[in-house]
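Trainee: Residues in the sequence shown are numbered consecutively from 246, following my numbering. Quick reminder that beta carbons are idealized off the backbone N, C-alpha and C, glycines included. Remember, it's a predicted structure, so these values are computed and weren't measured experimentally. First the structure, then my questions, so here it is.
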Amino acid sequence: MIRIWNIITKPLFFTFIRKIYYNMDKNVPLLIACKPLKSEFNNFQEISLTSSEFTLGRGLQNSVVIPFLAISRNHCTFRKIGNSEWTIEDNSTFGLLINGQKLGKGNIKKLSNEDVIILEPSEEFKYRFIFESDTNIIPRKRIKLEVDDETNNFINDVKIKFEESQSCEIKHLEDKIQNRKQMQTATMILKQQLQINMDRKIKHLESQYALQIENLKGEKSEVEQQKALRIAERDAQLAMVKEEMEMKILELMDQIKKHNEAESEMIRENNSLKEKLLKEREEFLSELNRKNTSKEEMLKKLTAKMKEQEEVRLKEKQELEEMLRTETEQLKLAKEKELKELEKQKELREIELKQELDEIKKNLEEKVQQTEQQKLNAEQYLNEQMEQMKKLNDEEKVKMDQLIQEREEIRKKLAEAQINSEKSLEELKSRVTQRETELAALAAERIQKQAEQSSEVISSLQDQLEKMRKQLEIVETENKNLIESVPDPFKEDTSKQSTLAEVGQLMESELQCSICAELFINAITLNCSHTFCKYCITAWKRKKKDCPICRAAITSECKSLVIDSFIEKMVLNLTEEMKNKRQELLKNREAEITAMDTRTTAISSSSRRGRRRRNTRTTTTTSTSGHFHEDGTMSRQIPTVDLTMLPIPRSPPQIFLLPAPMVVQTNLEVQTTDTVTMPSQVYLVPTTEGTDGATVAAPTVTGHQVAPSDNLIN
């Protein structure tokens with residue numbers, strides 16, 4: 246009967262009692278989920294506000310703990326005001342939504358029945374507040390329930406079975422009480438006879454078990470020490486991971502700074518382009534007033550220039566878009582690698598924790614086995630004593646009873662030891678699970694921070710793209726306005742030849758190399774921003790490693806292709822005499838360069854042979870970074886930079902007839918090494934986009950600082 250009660254009727258009875266209790270306690274408000282939650286959060290499908298100040302969050306001190314990253318440690322608090330009013334206070338970082346309206350951190354709102362509360366932005370935890378107070382309940386008529394005969398019979402059967410089970414339990418308790426009374430009387434009689442023997446054996450057993458307890462305590466202390474060492478190792482590993490993540494974050498911040506610097510440089514270049522376009526427009530208008538060229542030729546030139554400019558801008562646009570795409574892809578790949586590394590570290594840590602758990606379990610199992618073996622030995626010893634006592638007389642039977650009692654006490658002690666070991670196992674398991682959840686939360690927080698940083702970097706790059714597109718559109722509109730604002734040109738005038746002659750004279754006087762006194766051939770700019778012919782400066786460097794004008798040490802050289810192209814295009818517009826003179830100069834210079842190359846090759850081969858001979862007799866020291874002078878001082882080789890290999894946005898050279906006031910001649914006093922002041926003429930030449938790009942790009946390639954510009958006009 247008792248088994249039937251426990252299996253069938255007992256759960257039905259308790260459910261019936263719960264329903265009655267729930268109907269009695271209807272004043273408790275509920276938070277019911279509006280949609281089914283995940284399998285992990287099935288326990289939070291329905292939350293009852295049991296206390297007057299009910300807290301909800303991720304922290305362990307809250308009355309309801311929801312282990313979800315979007316929920317704060319102290320997310321919100323529900324407070325009861327009076328008997329029938331409830332309020333909610335927002336303490337979250339992302340904010341709460343009540344009926345679609347954001348509450349805000351630190352704000353309090355009164356709740357009413359069937360209010361919809363969204364705890365976090367992803368709407369995973371969406372609850373409906375249900376609280377039917379006495380004031381809100383509408384008085385209704387009670388519906389009469391139809392009682393069937395089957396339900397009455399079932400209830401009667403349950404009552405009968407419950408009464409029978411109660412009567413059986415009462416009888417069983419009475420029998421136990423009577424048996425205990427009899428045992429007490431028997432023990433009182435036996436106590437006086439067996440007290441002396443009991444004292445002796447108790448002392449003997451206490452001495453044995455004291456040694457065992459001391460051994461167990463020593464093992465426990467060793468286990469605790471191992472545990473403390475492993476916790477310290479884990480903390481050290483976590484600190485290392487934190488330091489690595491901080492270093493990676495700093496690297497990302499440096500990359501963002503570099504991107505910002507590049508953006509500022511692009512803005513400056515665009516501003517300089519705008520200023521140059523305005524200057525060119527003014528010059529063009531002034532030249533149109535002076536010149537008398539035909540309308541068709543000017544329109545053709547303008548259309549050709551506009552097409553070239555549009556092509557260059559399209560190329561720049563494509564290059565910028567490709568650069569931004571590559572940078573975004575690199576950032577994504579780097580972040581994916583970091584996430585994979587974090588996952589690997591997490592997996593390794595989980596494996597280590599599992600191994601530690603297995604070791605602890607093995608140790609505890611070994612201890613349990615030892616205790617069981619001790620128990621078996623004690624039982625064997627007691628059984629042997631029992632067999633010996635059976636052979637003895639009736640007087641010795643009393644001693645046997647005493648030994649049985651001792652055996653029961655020993656069994657109780659062993660059972661207590663087993664219970665204690667199981668409790669320690671459960672505590673260790675709970676601690677390990679808590680640490681695993683904390684590690685998972687930390688890893689998720691770090692992943693979220695990295696994702697936010699990556700989204701910020703991508704958004705900043707997209708903003709830069711949009712800014713560049715807007716600036717290109719502005720430049721295109723300005724070019725269209727320039728085309729529209731072009732007036733009708735005048736007729737041809739006889740002053741064209743005179744202007745060409747003036748331009749030729751200006752070029753000969755201003756665009757001359759200070760060494761050979763001719764127009765630049767393969768112009769090269771030094772780190773001090775002075776320009777010379779390639780052949781002239783190489784010949785000069787054989788004697789001295791200083792600038793011929795300012796006597797500054799030569800550390801870098803850059804090809805100025807803009808000056809060469811400008812001279813070639815201007816020579817095409819000059820007279821035939823000037824053209825022939827230029828061609829002869831170029832041929833002579835090529836012959837001189839070939840002769841110099843043959844000399845250098847012969848010198849290098851002879852020096853190699855001499856080195857081979859010297860190596861047989863003496864040892865010499867060589868250096869790859871430079872060569873030695875006759876004084877014994879070593880001079881470093883000057884790195885040359887080819888600007889054609891650099892991705893500099895460059896517009897095609899524009900041919901304009903320069904007016905006389907544009908070129909300025911200044912006299913500078915340059916101090917030489919012998920403290921003698923020599924006046925030298927420095928020519929100021931108008932710059933273009935290519936020269937500006939060269940001066941900006943040269944230091945980034947060679948690694949040298951930019952020298953102050955002496956001969957360039959911005």
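Could you tell me which residues DSSP puts in a beta bridge with residue 791?
Mentor: Bridge partners of residue 791: 798.
Trainee: Alpha carbon to alpha carbon, how far is residue 335 from residue 352? Give it in angstroms, no decimals.
Mentor: For residue 352 and residue 335, the distance between alpha carbons rounds to 6 Å.
Trainee: Rounded C-beta distance between residue 784 and residue 776? I'm assuming under 8 Å.
Mentor: That belief does not hold up - the Cβ atoms of residue 784 and residue 776 are roughly 16 Å apart, past 8 Å.
Trainee: Check residue 322 in the structure and name its three-state DSSP category.
Mentor: Reduced to three states, the DSSP call for residue 322 is strand.
Trainee: Going by C-alpha distance, which of 701, 633, 629 and 722 is nearest residue 551?
Mentor: When each option's Cα is compared against that of residue 551, the closest is 722.
Trainee: Consult DSSP for residue 299 and reduce its assignment to one of helix, strand or coil.
Mentor: Three-state DSSP puts residue 299 in a strand.
Trainee: Quick one: any contact between the region 458 to 474 and the region 602 to 614, if contact means 3 or more CB pairs under 8 Å?
Mentor: Yes, the region 458 to 474 touches the region 602 to 614.
Trainee: Helix or strand or just coil, what does DSSP make of residue 290?
Mentor: Correct three-state label for residue 290: coil.
Trainee: Per DSSP, what kind of secondary structure is residue 278 in: helix, strand or coil?
Mentor: Note: residue 278 maps to strand in three-state DSSP.
Trainee: Which of the three DSSP states, helix, strand or coil, is assigned to residue 811?
Mentor: Residue 811: helix per DSSP, three-state reduction.
Trainee: Could you pull out every residue in the same chain whose Cβ sits closer than 7 Å to the Cβ of residue 274, ignoring the five residues on either side in sequence?
Mentor: Counting only Cβ-Cβ distances below 7 Å, and skipping sequence neighbours, we find 294, 331, 374, 375 and 376.
Trainee: Nearest to residue 370 by CA position, among 312, 358 and 355, is which residue?
Mentor: Of the listed residues, the one whose Cα sits closest to residue 370 is 312.
Trainee: Going straight from the alpha carbon of residue 306 to that of residue 318, what length do you get?
Mentor: Each residue's alpha carbon lies about 9 Å from the other.
Trainee: Shortest alpha-carbon distance to residue 597 belongs to which of 297, 681, 844 and 659?
Mentor: Of 297, 681, 844 and 659, the residue nearest in Cα terms is 681.
Trainee: Check whether the Cβ of residue 651 lies closer than 8 Å to any Cβ atom in chain D.
Mentor: In the structure shown, chain D does not exist; there is a single protein chain.
Trainee: Distance check for residue 282 and residue 290, CA to CA, integer angstroms please.
Mentor: Their backbone Cα atoms lie some 7 Å apart in a straight line.
Trainee: Measuring straight from C-alpha to C-alpha, what distance separates residue 309 and residue 302?
Mentor: In a straight line, the C-alpha of residue 309 is about 7 Å away from that of residue 302.
Trainee: Under three-state DSSP, which class holds residue 843?
Mentor: Reduced to three states, the DSSP call for residue 843 is helix.
Trainee: Return the residue from the list 669, 632 and 489 that minimises the CA-CA distance to residue 583.
Mentor: Comparing Cα positions, the closest option is 489.
Trainee: Checking 8 Å against the spacing of the C-beta atoms, do residue 367 and residue 315 come in under that value?
Mentor: For residue 367 and residue 315, yes; Cβs fall inside 8 Å.
Trainee: With three or more C-beta pairs closer than 8 Å as the rule, is the region 684 to 696 touching the region 571 to 588?
Mentor: The answer is yes - the region 684 to 696 touches the region 571 to 588, with three or more Cβ pairs under 8 Å.
Trainee: Please say whether residue 791 and residue 799 have beta carbons closer to each other than 8 Å?
Mentor: Result yes, Cβ atoms of residue 799 and residue 791 sit closer than 8 Å.
Trainee: Using 8 Å as the threshold, is the C-beta distance between residue 765 and residue 773 below it?
Mentor: Result no, Cβ atoms of residue 765 and residue 773 do not sit closer than 8 Å.
Trainee: Label residue 361 either buried or exposed according to how many other C-beta atoms from any shown protein chain fall within 10 Å of its C-beta, with 16 as the threshold for buried.
Mentor: It is exposed - the Cβ of residue 361 has fewer than 16 other Cβ atoms within 10 Å.
Trainee: Between residue 549 and residue 567, what straight-line distance do the alpha-carbon atoms span, to the nearest angstrom?
Mentor: When rounded, the distance between both Cα atoms is 27 Å.
Trainee: Mapping DSSP to helix, strand and coil, what is residue 1024?
Mentor: Any property of residue 1024 remains undetermined from this structure, which presents the chain solely from 246 to 959.
Trainee: Tell whether a beta-carbon distance below 8 Å holds between residue 297 and residue 320.
Mentor: For residue 297 and residue 320, no; Cβs fall outside 8 Å.
Trainee: Which class does residue 363 belong to by DSSP, given the choice of helix, strand or coil?
Mentor: Strand, per DSSP.
Trainee: Within 10 angstroms of its Cβ, does residue 292 collect 16 or more other Cβ (buried), or is it exposed?
Mentor: Burial call: buried.
Trainee: Considering only residues of the region 557 to 616, which uninterrupted alpha helix (DSSP H) runs meet the minimum length of 4 residues and lie entirely inside it, listed in chain order?
Mentor: Counting whole runs of 4 or more residues, the region 557 to 616 contains no alpha helix (DSSP H) stretch at all.
Trainee: Using 10 angstroms around the beta-carbon of residue 434, count the other beta-carbons present and answer buried if the total reaches 16, otherwise exposed.
Mentor: The residue in question, residue 434, is exposed, as its Cβ has fewer than 16 Cβ neighbours within 10 Å.
Trainee: Is the distance from the Cβ of residue 717 to the Cβ of residue 558 below 8 Å?
Mentor: In this structure, residue 558 lies closer than 8 Å to residue 717 by Cβ.
Trainee: Given 8 Å as the limit, is there contact between the region 514 to 523 and the region 630 to 645, that is, 3 or more CB pairs closer than that?
Mentor: In short, these stretches do not touch, since the Cβ pair count stays below three.
Trainee: Using the C-alpha atoms, what's the distance from residue 562 back to residue 503?
Mentor: In a straight line, the C-alpha of residue 503 is about 20 Å away from that of residue 562.
Trainee: Tell me the rounded alpha-carbon separation between residue 705 and residue 834.
Mentor: Their Cα atoms are separated by approximately 52 Å.
Trainee: DSSP state of residue 347, grouped into three classes?
Mentor: In the structure shown, residue 347 sits in a strand (DSSP, three-state: E or B).
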